[in-house]
Amino acid sequence: MALYAMRRLLLAIPTLLGISLITFLLVRVSGDPARFVLGETATPEAIAQFRQENGLDLPLYEQFVRYNLNVLRGDFGESLRYKQPVVELFAERIQATLELGIAAYLVAVIVGVSTGVFTAVRAGSLSDKLARIMVLF
Numbered sequence: 001m002a003l004y005a006m007r008r009l010l011l012a013i014p015t016l017l018g019i020s021l022i023t024f025l026l027v028r029v030s031g032d033p034a035r036f037v038l039g040e041t042a043t044p045e046a047i048a049q050f051r052q053e054n055g056l057d058l059p060l061y062e063q064f065v066r067y068n069l070n071v072l073r074g075d076f077g078e079s080l081r082y083k084q085p086v087v088e089l090f091a092e093r094i095q096a097t098l099e100l101g102i103a104a105y106l107v108a109v110i111v112g113v114s115t116g117v118f119t120a121v122r123a124g125s126l127s128d129k130l131a132r133i134m135v136l137f
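Per the numbering used here, numbering of the sequence shown is gapless, rising by one per residue and ending at 137.
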């Protein structure tokens, strides 16, 4: 059992790195953060200074490594939009996120169990087949 758990933990590492890479690349593909924060009217000097201050002038692989090392330390940086530490923004929004997640989970369980009982009681009937088709969609 311990060997299985260790293997699963080791497999989580490439999975987390893959998720991190995809997230990092999606943020970078969405546009230039300097233009996003400073606006379209920013001067080239202001954009160059912003990129240097935020490490955006480094090669992408260096930015990615730096990003992951900071995340491992628990440092998620500062939001470019809100000028606040990202951890504070997480803390402000975690309660609403948990409430929404728990509510969605409860609805899914109630609907899922009810549908499962309904189809089990009426196994093979037209209503069973319709319910199974509805669940697939």
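Where a beta carbon is used, it is the ideal one built from N, C-alpha and C, also for glycine.
Excluding residues up to 5 positions away in sequence, E78 lie with their Cβ nearer than 7 Å to the Cβ of Q84 in the same chain. Taken through DSSP and simplified to helix, strand or coil, P14 comes out as helix. In the DSSP assignment, P59 is bridged to no other residue. Per DSSP, reduced to three states, the secondary structure at E40 is coil, with no helix or strand assignment. Runs of the beta strand (DSSP E) lying entirely within the segment 88 to 123, each at least 3 residues long, are absent.
The bridge partners DSSP lists for P85 are E78. DSSP places M6 in the helix class (H, G or I) of the three-state scheme. In the DSSP assignment, M134 falls within the alpha helix (DSSP H) that extends over L126 to L136. The distance from the Cβ of F50 to that of L60 is about 17 Å, inconsistent with a contact at the 8 Å cut-off.
Remark: C-beta atoms of N68 and S20 approach each other more closely than 7 Å. Straight through space, the alpha carbons of A2 and L136 are spaced by roughly 37 Å.
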